[in-house]
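Throughout the sequence shown, residue numbering follows the numbering used here, covering 85 to 372 in sequence.
No residue lacks a Cβ here, since even glycine has one placed at the ideal position from N, Cα and C.
Each remark here refers to the structure printed beneath this line.
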Amino acid sequence: KKCLNKDECARSREELWSRIERTCEGVDRKDPYTFEKWPGLAQLGILGNDVVLSKQFCENRQNPKVHKAFATLFKTEKLWGVVGRASAMRPTLLKKPKFGEPGQKEFNEKHQWRTLSNWLHWDMCPFTGRVTTFAWKVRDPFFNKGFDFLRVQAILALGDCGPEDGGFQCVPGFHPYVRAWANKYDSKYKESFLPGSFHIPKGDPMHKHVQTCPIREGSLLIWDSRIPHCTFPNRSQRGRMIQYVKMAPIQDQAIEPLQSAYPGLLPPDFLLTDLGKKIYGFERWDNK
Numbered sequence: 085k086k087c088l089n090k091d092e093c094a095r096s097r098e099e100l101w102s103r104i105e106r107t108c109e110g111v112d113r114k115d116p117y118t119f120e121k122w123p124g125l126a127q128l129g130i131l132g133n134d135v136v137l138s139k140q141f142c143e144n145r146q147n148p149k150v151h152k153a154f155a156t157l158f159k160t161e162k163l164w165g166v167v168g169r170a171s172a173m174r175p176t177l178l179k180k181p182k183f184g185e186p187g188q189k190e191f192n193e194k195h196q197w198r199t200l201s202n203w204l205h206w207d208m209c210p211f212t213g214r215v216t217t218f219a220w221k222v223r224d225p226f227f228n229k230g231f232d233f234l235r236v237q238a239i240l241a242l243g244d245c246g247p248e249d250g251g252f253q254c255v256p257g258f259h260p261y262v263r264a265w266a267n268k269y270d271s272k273y274k275e276s277f278l279p280g281s282f283h284i285p286k287g288d289p290m291h292k293h294v295q296t297c298p299i300r301e302g303s304l305l306i307w308d309s310r311i312p313h314c315t316f317p318n319r320s321q322r323g324r325m326i327q328y329v330k331m332a333p334i335q336d337q338a339i340e341p342l343q344s345a346y347p348g349l350l351p352p353d354f355l356l357t358d359l360g361k362k363i364y365g366f367e368r369w370d371n372k
C-alpha cells in the first residue's frame with residue numbers, strides 16, 4: 085500500500101477527469117447528472133482502448149515503489165513497463181437535487197450505468213498459457229506460451245475503492261490449478277477461445293469462490309495472470325478510478341516496450357528518471 089501519495093493520486097485523478105471532459109462533450113465532473121455520455125467500453129469500466137500518456141500517469145509508471153513491488157515478485161530489478169489504459173466507473177447513486185418531500189427517495193439509481201457483473205475471465209489462454217500483449221511490442225510470439233514463466237497484471241488505486249464503489253474481484257489461489265482445469269475442459273471450450281481473454285463459463289464451480297478486493301487510495305494490487313478475475317459494478321455515490329500497470333522481466337523473449345521506438349509520444353513536460361529510462365526501454369539495464 086501507499087505506492088502513491090495523496091498528491092500523486094490527486095494529480096492522476098485530475099488528468100483522468102480532464103481526459104473525460106475533453107473527449108465527452110457536456111460532462112462536468114462537479115455534476116454527476118452530466119455523466120450520461122461516457123468514453124467507450126463503459127460496460128467494462130475501461131476508458132476506451134487508448135493508452136494514457138499524461139504526465140502523472142507516466143510518473144506513476146517509473147515510481148520506485150511500484151518498480152520495487154514488481155521486482156520483489158520477479159526477483160530482479162531489470163524490468164520493462166507497459167504504457168497502459170485506465171478505468172473510471174461512474175457513481176450510480178445520485179443525490180436528488182430537491183430531496184425532502186415526504187415519501188421521496190433520497191437517490192436516483194442509474195442502473196444503466198453499472199458495469200457488467202459476473203464476467204470472470206483470464207487475460208490469457210488457459211490451454212496454452214498465451215497472455216494478452218496489449219500495448220507491448222511482440223518480439224517473438226513463439227515464446228508467449230507455457231505456464232512456467234511468471235506473468236502478472238496490476239492496478240493502482242487513484243482513490244479509495246470500497247466494497248460498494250465497484251472494483252476488483254478474483255478467485256484467490258486458483259493459479260496452480262489452471263492446467264488441470266484446461267485439461268478437464270479441453271475438448272469442450274478450446275475451440276471457442278478468442279485472442280485476448282477467455283471468459284469462465286457460467287455455472288463453473290469457481291464462480292462460488294469469487295472474493296471482492298477493496299483497495300485503499302495509492303495502493304498497488306498485483307495478481308498472477310493465471311488468476312481468474314473480473315470487476316464488480318458500482319452501487320454508491322462515489323466513482324472508482326484506477327490505472328492499469330504492468331511490468332515484465334527483460335528476459336521475457338516474447339515482448340518488449342512498444343514506446344521505446346516512439347520517444348516523442350511522451351508528454352513534453354514529463355522528465356524521465358534514470359530508473360524510468362530503463363523501465364520505458366530507452367536505455368539498457370546493463371548500462372551503469
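Checklist line | Distance, Glu190 Cα to Lys152 Cα | finding: 45 Å
What are the uninterrupted segments assigned as alpha helix (DSSP H) that are 4 or more residues long and contained completely in the segment 113 to 193, given in chain order? 139 to 145, 148 to 158
Please report the straight-line C-alpha distance between Val166 and Ala219, rounded to a whole angstrom. 6 Å
- Task: For Arg223, I'd like the list of residues in its chain whose CB is within less than 7 Å of its CB, leaving aside the five on either flank, ordered along the chain.
- Result: Gln337, Ala338, Ile339, Glu340
Going by Cα to Cα distance, which pick from Gly287, Phe258, Asp270, His205 is closest to Gly280?
-> His205
Next on the checklist: Within 10 Å of its beta-carbon, does Glu193 have 16 or more other beta-carbons around it, so buried, or fewer, so exposed?
Outcome noted: exposed
Where Leu305 falls: helix, strand or coil (DSSP): strand
Under a Cβ-count criterion, where at least 16 other Cβ atoms within 10 Å of its own Cβ denotes burial, should Gln343 be classed as buried or exposed?
buried
Determine the DSSP secondary structure at Tyr269, reduced to helix, strand or coil. helix
query = How far does the alpha helix (DSSP H) with Pro94 in it reach, from first residue to last?
reply = Note on identity: in this sequence residue 94 is Ala, with Pro being the wrong assignment. Segment 90 to 107, the alpha helix (DSSP H) holding Ala94.
How big is the Cα-Cα spacing for Gln237 and Lys330? 5 Å
Original post:
Between Trp197 and the rest of its own chain, which residues show a CB-CB distance below 6 Å, the 5 nearest in sequence each way excluded?
Top reply: Arg174, Thr176
Practice problem: Within the segment 202 to 254, note down every full beta strand (DSSP E) run reaching 3 residues or more, in order along the chain. | Solution: 220 to 222, 236 to 241, 251 to 254
- Query: Apart from the five residues on each side of it in sequence, which residues of its chain come closer than 6 Å, Cβ to Cβ, to Ser96?
  - Reply: Gln140, Leu242
*Could you tell me which residues DSSP pairs with Val373 in its beta bridges?*
No answer is possible for residue 373: it lies beyond the span of the chain, which begins at 85 and ends at 372.
Which of helix, strand or coil does DSSP assign to Ile363? helix
Locate the beta strand (DSSP E) running through Gln295, then write down its first and last residues. 295 to 297
Any idea if Gln146 is buried or exposed, counting beta-carbon neighbours within 10 angstroms, 16 or more meaning buried?
-> buried
**Asked** CB Leu240 to CB Gln295, shorter than 7 Å?
**Response** no
Margin query: Tell me the DSSP secondary structure of Pro341 in three-state form.
Written below: strand
Specify whether the segment 128 to 144 and the segment 283 to 297 touch according to this definition: at least 3 beta carbon pairs, one from each stretch, less than 8 Å apart. no
* Confirm, please, whether the CB-CB distance from Gly250 to Gly230 is below 7 Å. => no
Rounded separation between Lys361 and Glu161 - CA only: 13 Å
- Message: Short of 7 Å in beta carbon distance, which residues of its chain neighbour Pro210, apart from the five on each side in sequence? Order them along the chain.
- Response: Val262, Trp265, Ala266, Phe282
Quick one: is Asp353 buried, meaning 16 or more other Cβ sit within 10 Å of its Cβ, or exposed? exposed
Distance between beta carbons of Pro351 and Ser138, contact taken as under 8 Å: 6 Å
Indicate the three-state DSSP secondary structure (helix, strand or coil) for Arg324 in the structure shown. strand
If you reduce the DSSP assignment to three classes, tell me which class Lys372 lands in.
Below a pLDDT of 50, predicted positions are generally treated as unreliable, and Lys372, at 48, falls in that range; no measurement from the model is reported.
For the beta strand (DSSP E) containing Thr315, name the first residue and the last one. 313 to 316
Fill in: Trp122 versus Asp370 - alpha carbon distance
44 Å
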